[in-house]
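**Q**
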Amino acid sequence: MEGYVFKLEGDPVELISELFDERPFWFAWNELKIKLPSPLDDPAEAAREDWDLVRVFDDGRELRIVKRSEGRSICLLTEEPSGRWELIERLPIVEEGRRVLWGGRMRLGLKEMRGVVGFPRPLEYGVDVPLERPVVARVFLYMDRLVRLRYVRYARIEGWGGG
């Protein structure tokens with residue numbers, strides 16, 4: 313399997329609406345705020361200009377919006393070739409992996425939730441996973457010919473283990 317990185321141009325809200333049929337996941341951050349990975353209900357929220365980095369993703373693709381000094385850049389990571397957009401990079405090796413997300417069972421207020429002592433708030437990822445099981449991001453690792461990791465494409469947020 314090969315990975316492709318394409319440069320996109322256009323309105324982020326329109327691109328998100330065009331690329332993602334069903335409700336994708338997303339996360340974002342800036343200097344003052346972190347948006348944890350969760351389902352995206354409103355593409356306009358992900359397209360806000362105050363985010364420094366935004367990732368919107370589903371099983372087949374990830375859209376990245378990155379704030380740079382010259383403006384925002386938008387790229388698409390996917391395993392599907394396309395002649396529609398400008399190809400930035402083709403990576404010959406793609407492997408599936410997982411990233412464990414923060415948070416375990418803890419009492420917050422009057423109920424048990426997923427959280428971490430270092431963060432004084434619940435960690436909500438928008439997926440129904442028992443507190444005994446870890447929440448993970450299913451990812452695809454894009455590597456070059458020398459098997460050096462170049463990109464990590466997020467695919468979905470899910471529970472892991474437990475049979």
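First residue of the sequence shown: 313, per the working numbering; consecutive thereafter. Glycine included, C-beta positions come from ideal geometry on N, C-alpha and C. Bear in mind that the values here come from a model prediction, so they are computed numbers and not experimental data.
My output table needs one value for residue 392: the three-state DSSP class, helix, strand or coil.
**A** For the purposes of this step, residue 392 is identified with residue 80 of the sequence shown, where counting begins at 1. Reduced to three states, the DSSP call for residue 392 is coil.
**Q** Per DSSP, what are the beta-bridge partners of residue 340 in this structure?
**A** On the sequence shown, position 28 is the one that residue 340 refers to. Paired residue(s): 347, 366.
**Q** Need the endpoints of the alpha helix (DSSP H) that residue 359 sits in, please.
**A** For the purposes of this step, residue 359 is taken as residue 47 along the sequence shown, with counting starting at 1. Premise fails: residue 359 is in no alpha helix (DSSP H) and is neither H nor E.
**Q** Given that a residue counts as buried once 16 or more other Cβ atoms are within 10 Å of its Cβ, and exposed if not, what is residue 323?
**A** Here residue 323 is taken as the residue at index 11 of the sequence shown, counted from 1. Exposed.
**Q** Helix, strand or coil, according to DSSP, for residue 470 in the structure here?
**A** Position 158 of the sequence shown, counting from 1, holds the residue named residue 470. It is a strand residue.
**Q** Output the residue ranges of the beta strand (DSSP E) runs that lie fully inside the region 394-423 and measure 3 residues or longer, sorted by chain position.
**A** Listed in chain order, they are 398-403, 405-412, 416-420.
**Q** With a cut-off of 8 Å on the beta carbons, I'd call residue 476 and residue 348 a contact; round off their distance for me.
**A** The first residue shown for the chain is 313 and the last is 475, placing residue 476 beyond what the model contains.
**Q** Whose CA, out of 359, 448, 353, 403, lies closest to the CA of residue 457?
**A** Reading the sequence shown from its first residue, position 145 is the one you call residue 457. Answer by Cα proximity: 403.
**Q** Applying the 10 Å Cβ sphere with the 16-neighbour rule, what's the burial state of residue 355?
**A** Position 43 of the sequence shown, counted from the first residue, corresponds to residue 355. With 16 or more Cβ atoms within 10 Å of its Cβ, residue 355 is classed as buried.
**Q** Sort 383, 382, 399, 384 by Cα distance to residue 390 and report the nearest one.
**A** In the sequence shown, the residue the question calls residue 390 occupies position 78. Among 383, 382, 399, 384, the Cα nearest to that of residue 390 is on 399.
**Q** Just tell me which of 409, 439, 437, 443 has its CA closest to the CA of residue 424.
**A** Translated into the one-based positions of the sequence shown, residue 424 becomes position 112. Among 409, 439, 437, 443, the Cα nearest to that of residue 424 is on 443.
**Q** How far does the alpha helix (DSSP H) with residue 374 in it reach, from first residue to last?
**A** Counted from its first residue, the sequence shown places residue 374 at position 62. Run containing residue 374: none in the alpha helix (DSSP H); it sits in the beta strand (DSSP E), 373-380.
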